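J.: Residue numbers (the numbering used here), protein chains in the order written: chain A, 1 to 351; chain B, 352 to 702. Here you go, one structure.
Protein chains: 2
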Amino acid sequence: MKVKNLQQFMKEKRIDFAFFITKRDKKDLNVNYFSQSQPESGCLVIPAKSKPLLFVSSLEFGEIKADVKVVQIKKRVSEELKSRFKNIKRIAINKDVMTLNEIKSIKKAFKGACFVDISSTCKELRETKTKEEINMIKKACMITDKIMQKCISNFKKFATEEDVVMFLKNEARKAGCAMSWEPLVASGTGAAIPHHNPKGKLRSGFCIIDFGVVYKGYNSDMTRTIYLGRPSTEDIRMYGLVLQTQQDIVSQIKSGIKTKDIDKKARNLLGRYSKYFIHNIGHGIGIDIHEIPFIRSSAKGKIKEGSTMAIEPGIYIKGKLGIRIEDDILVTDDDAQYLTRFPKNLICIVK
Amino acid sequence: MKVKNLQQFMKEKRIDFAFFITKRDKKDLNVNYFSQSQPESGCLVIPAKSKPLLFVSSLEFGEIKADVKVVQIKKRVSEELKSRFKNIKRIAINKDVMTLNEIKSIKKAFKGACFVDISSTCKELRETKTKEEINMIKKACMITDKIMQKCISNFKKFATEEDVVMFLKNEARKAGCAMSWEPLVASGTGAAIPHHNPKGKLRSGFCIIDFGVVYKGYNSDMTRTIYLGRPSTEDIRMYGLVLQTQQDIVSQIKSGIKTKDIDKKARNLLGRYSKYFIHNIGHGIGIDIHEIPFIRSSAKGKIKEGSTMAIEPGIYIKGKLGIRIEDDILVTDDDAQYLTRFPKNLICIVK
């Protein structure tokens, strides 16, 4: 995606090439983005004036399908680069991901070269999505809706939080997708911890189900909160408040509004419960599950047309309960379209 | 684990504190190691002369159980550190994981401080395992053996490589474990690619099953190769060669032998097939699935008592077949003990 835009930027800045390293435990998703592939590890080189090259090891070579030329690494990558590129003066790197030890060997291979941080430029390119990307995210969201539907229909069969997690993972795999991250299922008082680790019996009360799938490298991210047992009037009221907040917020999003205003409005809508809303109201989604715009009170800038994001207000009362409702949306010039569409009325499961 | 050893080292080097950052997509497993916890993201600070502190966000706080004190992050971590530590001169960091942008804010908070790379020291501390660690790795290996047994017994039910992957993942979850990585199932010509991505129907010929589980943060790593259909005499001979190589190599491992000699011996044993052995013969396992010692021709140093490692010879003939046999072992002063023990006779599945 957008390799030409990046190359245009590089030419303007007199950068010779951009260099990205991705590893199993230290992903640079710019590699996936610009090459449209998902290598376990590898290096992507994007020269300003010629075609990109994706270097992968013999362990993966032959498996990787990419929009760019794939090359098998035969020697150290820094040596490989040195033999291919001469008279290099300016190299762009992603300082958000490149480590202090990785830069050493590159510096050694290109003595005297200047290193420019390209992290922000990549983030900005990725913020607004191409039609192709929007289609992939839409597909991921559709699959997510279907899995959520199946999960809720089968809910009476589950005994533990892990049972629900297993069900979600199996359904995703059946649909040919990986999970965006380990699904989160949090019931009873566990729901009060936003990143609860699913374990043990499903407890009565609110139960948060938060997951996403990866379709051709692109993520969805959806949360629904159901009720196990019979909710009190107060429970229903609190759920209604989170739901109303989410719907009001989404109805106000369109391109050009200030990012930080979304956060402010959400906290206003939650009123006296806003102190129980302990995370950000939303974040961009795409090839990464969390990317710009990060929608928080300190955010600068405005919401852009063609950006895709997750909006997720919540209430977390420690030792008591947790409620979160999250949908993915696509921002247009005059509104925001829901990409995840599973209903949001409070579903109660009474065994 | 070994916090005191690290602190002793820091005192000798006049380091004030060590600072580690771990994130969802950029793990520093030293955080897990020294704190014996598995935060999704967080920072670990180990002062030379006082108790370590693990900083986690409100999203995880309340969930994390650790061997060290867990603190909820309330402001920027660099600010948090600045308010707690005064007159700091030398800070240890892991330059293998810390990024160029992360170091910026720490440098700003501790102007004039000197930053020392502690990556090698941590690797060396982690190379030899404590009794407690060995027990956890043994348990991971036992669970792996059981899952492999169940997988093979059920093999006739599977139609696709994904079916096998799903079965392995479900069994691991039932045993209360995560997978060490996405399981690898590679049949027919797919087996010729060491990091094949499982997809589509199980094809006749050799089928590689490579997976590991995480028990209390510690990994196993095992591979068995079975045959789908009826193997030829040549197939049986090649399988026998890989098996003989693996057993001979393991029988020669004990503390004190040169690491690079293991690689050399394996390639000698494989004879004219050594050109088809396109990866390293082995690697350490522990809190990381790949850690020192990396057993390859360029390796320096000797094998140490108390280290745990995976030994995995293989043959990969492009467009034809792949065979790999991998066990985890524990090195003692006079031999190496198998930790994974599932039988290695060639199992043929004929439907």
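C-beta atoms are modelled at their ideal positions from N, C-alpha and C, and glycine is treated no differently. Nothing here was measured: the structure is a model prediction, and the numbers come from that model.
#1: So N505/B contacts chain A; which residues on that side make the cut at Cβ distance below 7 Å?
#2: Alpha carbon to alpha carbon, how far is Q7/A from I93/A?
#3: Which ranges does the alpha helix (DSSP H) cover as unbroken runs of at least 4 residues, wholly within the region 26–51 of chain A, from first to last along the chain?
#4: Give me the DSSP bridge partner(s) of F277/A.
#5: Please report the residue range of the beta strand (DSSP E) in which A175/A lies.
#6: Consult DSSP for D288/A and reduce its assignment to one of helix, strand or coil.
#7: Are the CB atoms of I287/A and G217/A within a distance shorter than 8 Å?
#8: Of all the CB atoms in chain A, is at least one closer than 8 Å to the CB of N452/B?
#9: Any contact between the region 128–145 of chain A and the region 163–179 of chain A? By contact I mean 3 or more CB pairs, one from each, below 8 Å.
#10: Give a single yes or no on whether C177/A has its beta carbon closer than 7 Å to a heavy atom of the ligand MN.
#11: Do F562/B and M720/B come within 8 Å of each other at the CB atom, strictly closer than that value?
#12: Any idea if T584/B is buried or exposed, counting beta-carbon neighbours within 10 angstroms, 16 or more meaning buried?
#13: Within its chain, find whatever has a CB closer than 7 Å to the CB of Y276/A; leave out the 5 residues flanking it on each side and keep chain order.
#14: Quick one, are the C-beta atoms of E63/A and H547/B less than 8 Å apart?
#15: Cβ closer than 7 Å: which chain B residues qualify as neighbours of M166/A?
#16: Name the two residues that bound the continuous alpha helix (DSSP H) containing D248/A.
#17: Taking the beta carbon of E60/A as the centre, do at least 16 other beta carbons fall within 10 Å, making it buried, or is it exposed?
#18: Quickly, what does DSSP pair G673/B with across the bridge? List them, please.
#19: Are P664/B and Q597/B close, meaning C-beta to C-beta below 8 Å?
#20: Of all the CB atoms in chain B, is at least one closer than 8 Å to the CB of V71/A?
#21: Below 8 Å on the Cβ atoms is my contact criterion, and I expect T22/A with D28/A to pass it. Report the Cβ-Cβ distance as a whole number of Å.
#22: Does the beta-carbon of D328/A have 16 or more other beta-carbons within 10 angstroms, so that it is buried, or is it exposed?
#23: Touching or not, the region 68–75 of chain A and the region 42–52 of chain A, by the rule of three or more beta carbon pairs under 8 Å?
#24: Could you tell me whether the Cβ atoms of K304/A and K258/A are closer together than 8 Å?
#25: So that I know if they touch, is there some Cβ in chain B lying closer than 8 Å to that of L44/A?
#26: By how many angstroms is the C-alpha of N30/A removed from the C-alpha of V45/A?
#27: With contact counted as at least three CB pairs below 8 Å, one residue from each stretch, are the region 187–202 of chain A and the region 113–131 of chain A in contact?
#28: Sort G256/A, N135/A, K157/A, L243/A by Cα distance to S220/A and report the nearest one.
#29: Residues of chain B with CB closer than 8 Å to the CB of V97/A, please, in chain order.
#30: Assuming I698/B and I577/B make a contact with CB atoms under 8 Å, what is their CB distance in whole Å?
#31: Using alpha carbons as the reference points, say which of S119/A, S297/A, K344/A lies closest to T223/A.
#32: Run through DSSP, which three-state label would R24/A get?
#33: If distances are taken between C-alpha atoms only, which option among D335/A, S298/A, K320/A, G322/A comes closest to T308/A?
#34: By how many angstroms is the C-alpha of V185/A removed from the C-alpha of A191/A?
#35: Are any of the Cβ atoms in chain A nearer than 8 Å to that of E483/B?
#36: Under a three-way DSSP split, which group does V213/A fall into?
T.: Well, looking at it:
#1: Neighbours of N505/B on chain A: none; closest Cβ ~15 Å, over 7 Å.
#2: 13 Å
#3: 29–35
#4: Beta-bridge pairing links F277/A to no other residue.
#5: It is not in any beta strand (DSSP E) - A175/A carries neither H nor E in the DSSP assignment.
#6: coil
#7: yes
#8: yes
#9: yes
#10: With respect to the ligand MN, the structure offers nothing, as it holds no ligand at all.
#11: The first residue shown for chain B is 352 and the last is 702, placing residue 720/B beyond what the model contains.
#12: exposed
#13: I315, Y316, I317
#14: yes
#15: N521, R524
#16: 233–252
#17: buried
#18: Y667/B
#19: yes
#20: no
#21: 4 Å
#22: buried
#23: yes
#24: no
#25: no
#26: 11 Å
#27: no
#28: N135/A
#29: K377, T450
#30: 5 Å
#31: K344/A
#32: coil
#33: D335/A
#34: 8 Å
#35: no
#36: strand
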